[in-house]
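So for the sequence shown, this note's numbering puts the first residue at 215; every next one is plus one.
C-beta atoms are modelled at their ideal positions from N, C-alpha and C, and glycine is treated no differently.
The structure presented is a predicted model; accordingly, all values stated were derived computationally and were not measured.
Presented below is the structure to which this report refers.
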Amino acid sequence: MADCCDPRGCDREFDDRFARRSAAAYRSQGLSRSAEAMVSALERRGIEGASVLEIGGGVGAIHLELLRRGAATATNLELSPAYDAEAARLVAEAGLTGRVTRRIADLAVDADAADDADVVVLHRVVCCYPDYRRLLGAAASRARRLLVFSYPPRTLLTRGVVALDAARQRLVGREYRAFAHPPEVMFAVLAAAGLAPERIHRDLAWRAALAERRDG
Ligand SMILES: C[S@@+](CC[C@H](N)C(=O)[O-])C[C@H]1O[C@@H](n2cnc3c(N)ncnc32)[C@H](O)[C@@H]1O
215 MADCCDPRGC DREFDDRFAR RSAAAYRSQG LSRSAEAMVS ALERRGIEGA
265 SVLEIGGGVG AIHLELLRRG AATATNLELS PAYDAEAARL VAEAGLTGRV
315 TRRIADLAVD ADAADDADVV VLHRVVCCYP DYRRLLGAAA SRARRLLVFS
365 YPPRTLLTRG VVALDAARQR LVGREYRAFA HPPEVMFAVL AAAGLAPERI
415 HRDLAWRAAL AERRDG
């Protein structure tokens, strides 16, 4: 495993304050609509005893829910260390101590950062990463059965928001950038890795897709 990874500004963008707000939102409201759609779709396919690899899982709401609903273990890879304290508190509150492993690592540049898992999750992550082909390809190669991911629609509106945010980030000297990557190319990356993607959720801000291994 590499000693370190290039956080691409995620460590500053996703800081202690963001982590505290994410944990508070999960405690008071549970999963967001898009996250619930992803968890429910996985549950319908069967997650009993499954190993979960979540990439960019933040405080860990999705993998905690998957563990509560029958998955066995979860590994979370993050670029930002700011979530760790809140994530540990949530694991303890859920009575799931010992079943979650957290690492600061980027699977796209360090293929050994995680083992294969039955289920791979990326919620609101590809939109924070420039080389989405490499990240999704690496994630797909680790998915034994299922991969679920969410992404913003690529519309005039989202492309405008992304451009405005990039201008703001440049102005304040920050490296972080958001992206609205082309869904059809992301689906093609998954298909090339042997997964069959299908759309499972759509709302104003987020789309989600589930991909199942064809030969699995
Ligand atoms: C918008 S936040 C979403 C966090 C969480 N999934 C949620 O929905 O609350 C995006 C997260 O993805 C992480 N991230 C982006 N690219 C990553 C990568 N290649 N590997 C691991 N984490 C990554 C960032 O550090 C950040 O915490």
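Between the CA atoms of residue j and residue i - distance to the nearest angstrom
i	j	result
H395	P366	8 Å
E300	A406	37 Å
Y240	F232	12 Å
L278	R427	23 Å
D230	V339	18 Å
R384	G223	12 Å
R462	V386	Look at the range of the chain in this structure, 215 to 430, and you will see that residue 462 is not part of it.
M215	R413	Any reading at M215 must be qualified, since the residue scores a pLDDT of 34, below 50, and its modelled position is unreliable; the value itself is stated next. Taking the straight line joining both Cα atoms gives about 33 Å.
C341	V333	20 Å
Opening and closing residue of the beta strand (DSSP E) in which residue i lies
i	result
I414	L409 to R416
R226	Taken as a continuous stretch (DSSP letters only), R226 belongs to no beta strand (DSSP E), being part of the alpha helix (DSSP H) at C224 to E227.
Three-state secondary structure assigned by DSSP to residue i
i	result
A357	strand
Y390	coil
S294	coil
A264	coil
T289	strand
L404	helix
L424	strand
V375	helix
V314	strand
V362	strand
First through last residue of the alpha helix (DSSP H) which encompasses residue i
i	result
S248	R247 to R259
D332	Per DSSP, D332 belongs to no alpha helix (DSSP H); it is in the beta strand (DSSP E), A331 to L336.
H277	A275 to R282
P230	Per the sequence shown, the amino acid found at residue 230 is Asp instead of Pro. Start and end: D230 to Q243.
> Does the stretch 302–316 come within contact of the stretch 353–362, defined as at least 3 CB pairs closer than 8 Å?
Replying inline: no
Discussion item. Three Cβ pairs or more, each shorter than 8 Å: is that satisfied between the stretch 266–285 and the stretch 369–380?
Written reply: no
- Does the stretch 339–352 touch the stretch 410–419, meaning 3 or more C-beta pairs lie closer than 8 Å? no
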